[in-house]
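Structure, as structure tokens:
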Amino acid sequence: TGHITFDPGFANTGSCQSAITFMDGEKGILRYRGYPIEQLAEKSTFVETAYLLINGNLPDRSALTRKSVMLNDFSLLHEDMKAFYQNFPSKAHPMGILSAMLNALRSFYPELIDLEEDLNQTFLRLISKVRTMAAMAYKISRGHATVYPRSDYSYCANFLHMMFDNPVIPYQMKDDLVQALNVFWILHADHEQNCSTAAVRVVGSGKVNLYAALSAGISALWGPLHGGANQAVIQMLESMHREGFTPAQVIEKAKDKDDPFRLMGFGHRVYKTYDPRAKIMKKMCDKVLAILNIKDPLLDIAMGLEEAALNDTYFQDKNLYPNVDFYSGIVLRAMGIPTNMFTVMFAIGRLPGWIAQWREDALDPNQRISRPRQVYTGETIRDYIPIGDRK
Ligand code: CMC
Numbered sequence: 002t003g004h005i006t007f008d009p010g011f012a013n014t015g016s017c018q019s020a021i022t023f024m025d026g027e028k029g030i031l032r033y034r035g036y037p038i039e040q041l042a043e044k045s046t047f048v049e050t051a052y053l054l055i056n057g058n059l060p061d062r063s064a065l066t067r068k069s070v071m072l073n074d075f076s077l078l079h080e081d082m083k084a085f086y087q088n089f090p091s092k093a094h095p096m097g098i099l100s101a102m103l104n105a106l107r108s109f110y111p112e113l114i115d116l117e118e119d120l121n122q123t124f125l126r127l128i129s130k131v132r133t134m135a136a137m138a139y140k141i142s143r144g145h146a147t148v149y150p151r152s153d154y155s156y157c158a159n160f161l162h163m164m165f166d167n168p169v170i171p172y173q174m175k176d177d178l179v180q181a182l183n184v185f186w187i188l189h190a191d192h193e194q195n196c197s198t199a200a201v202r203v204v205g206s207g208k209v210n211l212y213a214a215l216s217a218g219i220s221a222l223w224g225p226l227h228g229g230a231n232q233a234v235i236q237m238l239e240s241m242h243r244e245g246f247t248p249a250q251v252i253e254k255a256k257d258k259d260d261p262f263r264l265m266g267f268g269h270r271v272y273k274t275y276d277p278r279a280k281i282m283k284k285m286c287d288k289v290l291a292i293l294n295i296k297d298p299l300l301d302i303a304m305g306l307e308e309a310a311l312n313d314t315y316f317q318d319k320n321l322y323p324n325v326d327f328y329s330g331i332v333l334r335a336m337g338i339p340t341n342m343f344t345v346m347f348a349i350g351r352l353p354g355w356i357a358q359w360r361e362d363a364l365d366p367n368q369r370i371s372r373p374r375q376v377y378t379g380e381t382i383r384d385y386i387p388i389g390d391r392k
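Counting from 2, one number per residue, gives the positions in the sequence shown under our numbering.
Here it is, written out as structure tokens:
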């Protein structure tokens, strides 16, 4: 059978060749298609960054306008999908709903997978509709009527509008907040072969349809060690606030090897230094709280916890630093996003990355079905024992 290398968690296995995202974990560098994340966060928009990831280059003005118009054109959802939604139990987690709904899109729009239309249009439909679906899930969970998108709003503004507008208290759109949402989604847009992206590629490699592959990505993202960490961080900070746990107590618990608890929002497979996204996110916390004139006690708790962890030899020796999820929940909370929607926010942001990686895989001449091997550790061979003779 040849020699098989055992590599738990694929930590040292390059599963594909990719020209999309570059990371240097030692130096804390992240670039999309060669552009530093810091420059994109400062100067780009989420729609432009999505275009960059999927198409390889920044769009010119006319391409960007065309794509933005199409994103608005595609933003409605089949009304029958609403009924589908309404039949989920009211306590259902929005990530489970989103994953199911994404798979269901294939049934509601079967013409899209026959690839009769340009694949790029399908990508835009997905990016537009997933955002609409997320806002709709929230509205339905509150028992409110869903809100239609507006053609005069940008992608990010439309999300806030669909989430928060209602006829009794119209939502006051704030440009600064729209910009903050752009940055939030840019920071999440891709991250090379993370768990959910690897899932999209692996599932896609069997030539399943795009919707099913993306639905698998959403399911993978849900886990608390991955995208679900943003929800877990806020729950951790809230319990510290509520119960009065000190940073030292939480850190001791995270260090205790008999306790499965980990310091959420800390550590990363690739980054052995400060996550460059977390640096930007931390600055955004201050900005968003200032725009909204909010004082969130969880921000002080988070900063105290970060400082205590960075000064602790356990975290220093293992190179554990804050990751993107450590401060992101505070930003989302300030925007009014409920905690159980945090990972959905991550998913909307990661969608262009999953699509770009799926596309790259589909076009790769070296692409083969993903089929890792194993190191077998079971019984060698034994004879069948009749049931009456078993001990
Ligand atoms: N708290 C306490 N100890 C930790 C933590 C933590 N957050 N993270 C890692 N360690 C320890 C771990 O116990 C292990 O110790 P030892 O060598 O003594 O066994 C050592 O550090 C190495 O950890 P690992 O689990 O082998 O590292 P990994 O690369 O397999 O896991 C991780 C990476 C992100 C899953 C992990 O650091 C973790 O569980 N962090 C908390 C969850 C979290 O914040 N996830 C979000 C990741 S960033 C967003 C995304 O892209 O998904």
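Ideal placement from N, C-alpha and C gives every residue a C-beta, glycine not left out.
Asked: Closest to A105 by CA distance: which of L333, K208 and A217 is it?; Found: A217
Asked: In this structure, does DSSP put I30 in helix, strand or coil?; Found: strand
Asked: Just checking H4 against ligand 1 - is the residue's beta carbon closer than 7 Å to any of the ligand's heavy atoms?; Found: no
Asked: Measuring only from the beta carbon, is H79 closer than 7 Å to any heavy atom that is part of ligand 1?; Found: no
Asked: Would you say R202 and Q358 are within 8 Å of each other, going by their C-beta atoms?; Found: yes
Asked: Please go through the same chain and pick out, in chain order, the residues whose beta-carbon is closer than 8 Å to the beta-carbon of Q319, but skip the five residues on each side of it.; Found: Sequence check: residue 319 is Lys here, not Gln. Cβ within range, chain order: G268.
Asked: Do I252 and A348 have their C-beta atoms within less than 8 Å of each other?; Found: no
Asked: Can you tell which of N56, E27, V289 and N167 has the C-alpha that lies nearest to the C-alpha of R34?; Found: N56
Asked: Decide if Q194 is buried, meaning its Cβ has at least 16 other Cβ atoms within 10 Å, or exposed.; Found: buried
Asked: Between the C-alpha atoms of N366 and E39, what's the straight-line distance to the nearest angstrom?; Found: Before going on, a small fix: residue 366 reads as Pro here, not Asn. Each residue's alpha carbon lies about 33 Å from the other.
Asked: In the DSSP output, what is T133 paired with across the bridge?; Found: Beta-bridge pairing links T133 to no other residue.
Asked: Helix, strand or coil: which one does DSSP assign to P339?; Found: coil
Asked: Does DSSP put D8 in a helix, in a strand, or in coil?; Found: coil
Asked: Is the CB-CB distance between L54 and P353 below 8 Å?; Found: yes
Asked: To the nearest angstrom, how far is the alpha carbon of G330 from that of M164?; Found: 17 Å
Asked: Which residues mark the beginning and the end of the beta strand (DSSP E) in which D25 is found?; Found: T22 to D25
Asked: Given 7 Å as the limit, tell me if V201 has its C-beta closer than that to any heavy atom belonging to ligand 3.; Found: Absent from the structure shown: ligand 3. Ligands present: ligand 1.
Asked: Please write down, chain order preserved, every residue whose beta carbon lies under 6 Å from a heavy atom of ligand 1.; Found: G10, H192, N195, L226, H227, G228, A230, A255, R263, L264, M265, G266, F267, G268, H269, R270, K319, L321, N324, V325 and D326
Asked: When DSSP labels each residue in this structure, what does Y36 get in the three-state scheme?; Found: strand
Asked: Given M1, which residues of its chain have a CB within under 6 Å of its CB, disregarding the five upstream and five downstream residues?; Found: In the structure displayed, the chain extends from 2 to 392; residue 1 sits before or after that span and is not available.
Asked: Just to confirm, are Y272 and Y328 a CB contact at a threshold of 8 Å?; Found: no
Asked: What does DSSP give as the partner residues of F85 in its beta bridges?; Found: DSSP, once it has assigned bridges, lists no residue as partnering F85.
Asked: For F262, which three-state DSSP category applies?; Found: coil
Asked: Would I370 be called buried (16 or more neighbouring beta carbons within 10 Å of its own) or exposed?; Found: exposed
Asked: How many angstroms separate the CA atom of H189 from the CA atom of W355?; Found: 11 Å
Asked: Should the stretch 380 to 390 be regarded as contacting the stretch 16 to 29, the criterion being three or more beta carbon pairs within less than 8 Å?; Found: no
Asked: According to DSSP, is F75 helix, strand or coil?; Found: coil
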